[in-house]
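Encoded as structure tokens, the structure appears first; notes follow it.
Residue numbers (the working numbering), protein chains in the order written: chain X, 115 to 421; chain F, 564 to 842.
The structure is reproduced here in structure tokens:
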């Protein structure tokens, strides 16, 4: 063996030997950063949940906060509402995202501008979009009540955010509005990634548009739909700004989800310890939900796998 | 492929019109409200159009809230710094996850993605304490440091998927030619990954720009550092809200970024199509 080959070999071996080290070296900055900003505060939240921390200092009180939370008769309702909020909003985002992506994927005149016009709710600060909706929902001066009154559907001013049921669904609509554009753009990208040959082959075989949509488009973009649905579910579960700006959780708690409830307890009432207990419940519920989802996702993914 | 019939086209356009009406409704409402003089804003019954509409509010906003220009600048500045910081952490980590096999890879990757589950609102109190102990409260850093952290996981996920599509042979031949690892990452991988980098950059910028409300109202009290979504609430007074000016300021504030996106949207979709989006 020549010496050149030997040198190459030892170089290669050195690469193999140290490459886990190098891999970790590249990950380390991100890992340290996230540990500091997310990991440590999480540990601190766990600690705080066993204290009565507030403005006047803190003392360890064992599981008292948890006992108090679990015996709170309003809490199960808040949890249920949060999941209902999430399922409703995420399903609508997925459906509208798919329809929207289909519409702007069709080759029509104006396609380029439609694609741009879909983006604004994603791109502008959420707080500002919500201020716009605040006015849309206004009973006396908003466009929604105004138009409905002109059409004769409403016979007087109607404050959409003033009543329990309408406030909840209004908040859902706004949350869907915030979340749909990103879903649309991701689905559009996925649809464009589907091989054109598949469509042409199906077309030659005489498959209708609807058939091609069901049997080619949907299965092909299914992995993207499923991972977007999980991400979207997590963000919707934790959606704060929309509800806070529209209703602050009211009227009479009708739009109070777990995250709003946690914020109110911790920040507005200065009950840091009890608030931490509620914050942890948010994390636990989401973690259990995500795990269940991923287990299901793996099964579904196997079924939809396209060779 | 077959063409659309006239009727099909009609329904497609109708669908697009309905969809875009939903998307653009609040912006239209903001614009209409900004045109109405304040004393005529609360006019009942509802009037769609009136003769006294004007652009006056667009001139008055600068006097009512003198720092408005600063808030608009702060928003863009904070989003840019957040994006830069985020990319610094995302690029090496995504490269590592895309290229190397090592023990604990799956677990560490899931831990990263698990961070998505924590919203800023859940961790506010410990974060507040942390930032206070670092002396960062009431600075720009109080907003861009936590802001960047929550964008890192999705950034890694997007860029990793893109990097995995770049053939490894190029890196191997550069290695055999004696290039150092950092050189390979900088000069071989990154230039090939530009579309993926644009996706992650645009994604982070949007996230940083659109979600700068909570950290801003909680970790910063200094008016000169406020981003637009927090500063805009200065139009909400103790007695009354100057709604028309608030809407005008919102529209003026978001226009610079909307124009940027007119140009970037194409690259975002292209980059996502080329591989940054997958299951």
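Note that beta-carbon positions come from the ideal geometry of N, C-alpha and C, so glycine has one too.
Query                                                                                                                                                                                             : Result
Could one say the Cβ of residue 195 (chain X) lies closer than 8 angstroms to chain F's Cβ atoms, at least one of them?                                                                           : no
From the DSSP output, read off the bridge partner residues of residue 168 (chain X).                                                                                                              : X:171
Note down, in chain order, every chain X residue with its Cβ under 7 angstroms from the Cβ of residue 680 (chain F).                                                                              : 348, 397, 400, 401 and 404
Mind listing the chain F neighbours of residue 154 (chain X)? Cutoff is C-beta to C-beta under 8 angstroms, in chain order.                                                                       : 689 and 693
Short check: CB of residue 830 (chain F) to CB of residue 761 (chain F), under 8 angstroms?                                                                                                       : yes
Would you mind telling me which residues of chain F sit closer than 7 angstroms to residue 283 (chain X), beta carbon to beta carbon, in chain order?                                             : Here the premise fails: no neighbours, minimum Cβ distance about 14 angstroms.
Is there contact here, the stretch 713 to 723 of chain F with the stretch 659 to 675 of chain F, by at least three beta-carbon pairs under 8 angstroms?                                           : yes
Below 8 angstroms CB to CB, which residues in the same chain sit around residue 360 (chain X) once its five sequence neighbours on both sides are set aside?                                      : 244, 247, 248, 251, 275, 281, 284, 285, 288 and 369
Residue 352 (chain X) versus chain F: which residues are under 9 angstroms apart at the beta carbon?                                                                                              : 680, 681, 682, 683, 684 and 685
How should residue 203 (chain X) be labelled, buried or exposed, when 16 other C-beta atoms within 10 angstroms of its C-beta is the threshold for buried?                                        : buried
Within the same chain, show all residues whose beta-carbon is closer than 7 angstroms to that of residue 166 (chain X), passing over the 5 residues directly before and after it, in chain order. : 172, 173, 175 and 387
Could you have a look at residue 160 (chain X) and say whether DSSP puts it in helix, strand or coil?                                                                                             : helix
At a Cβ cut of 8 angstroms, what residues of the stretch 590 to 603 of chain F count as close to chain X, listed as they run along the chain?                                                     : 590, 591, 592, 593, 595 and 596
Going along the chain, which residues of its own chain have a beta-carbon closer than 7 angstroms to the beta-carbon of residue 426 (chain X), five neighbours each way excluded?                 : The structure shown does not extend to residue 426 (chain X), since chain X is modelled only from 115 through 421, so no value can be given for it.
Using a Cβ-Cβ distance cut-off of 8 angstroms, determine whether residue 202 (chain X) contacts chain F.                                                                                          : no
If you check the beta carbons only, do residue 152 (chain X) and residue 712 (chain F) fall under 8 angstroms apart?                                                                              : yes
DSSP on residue 403 (chain X), reduced to helix/strand/coil?                                                                                                                                      : helix
Which runs of the beta strand (DSSP E) at least 3 residues long sit entirely within the stretch 136 to 160 of chain X? Give them in chain order.                                                  : none
Just tell me which of F:756, F:652, F:623 and F:597 has its CA closest to the CA of residue 147 (chain X).                                                                                        : F:652
Could you tell me whether any Cβ in chain X is nearer than 8 angstroms to the Cβ of residue 628 (chain F)?                                                                                        : no
Along the alpha helix (DSSP H) that carries residue 300 (chain X), what are the first and last residues, could you check?                                                                         : 278 to 307
Take residue 329 (chain X) as the anchor and find which of X:232, X:308 and X:344 has the nearest alpha-carbon.                                                                                   : X:308
Return the first residue and the last residue of the alpha helix (DSSP H) that residue 703 (chain F) is part of.                                                                                  : From DSSP, residue 703 (chain F) is part of no alpha helix (DSSP H); its letter is neither H nor E.
Can you pull the DSSP bridge partners for residue 318 (chain X)?                                                                                                                                  : Paired residues: none, contrary to the question.
Please give me, in chain order, every unbroken run of the alpha helix (DSSP H) with length at least 4 that falls completely inside the stretch 756 to 780 of chain F.                             : 757 to 773
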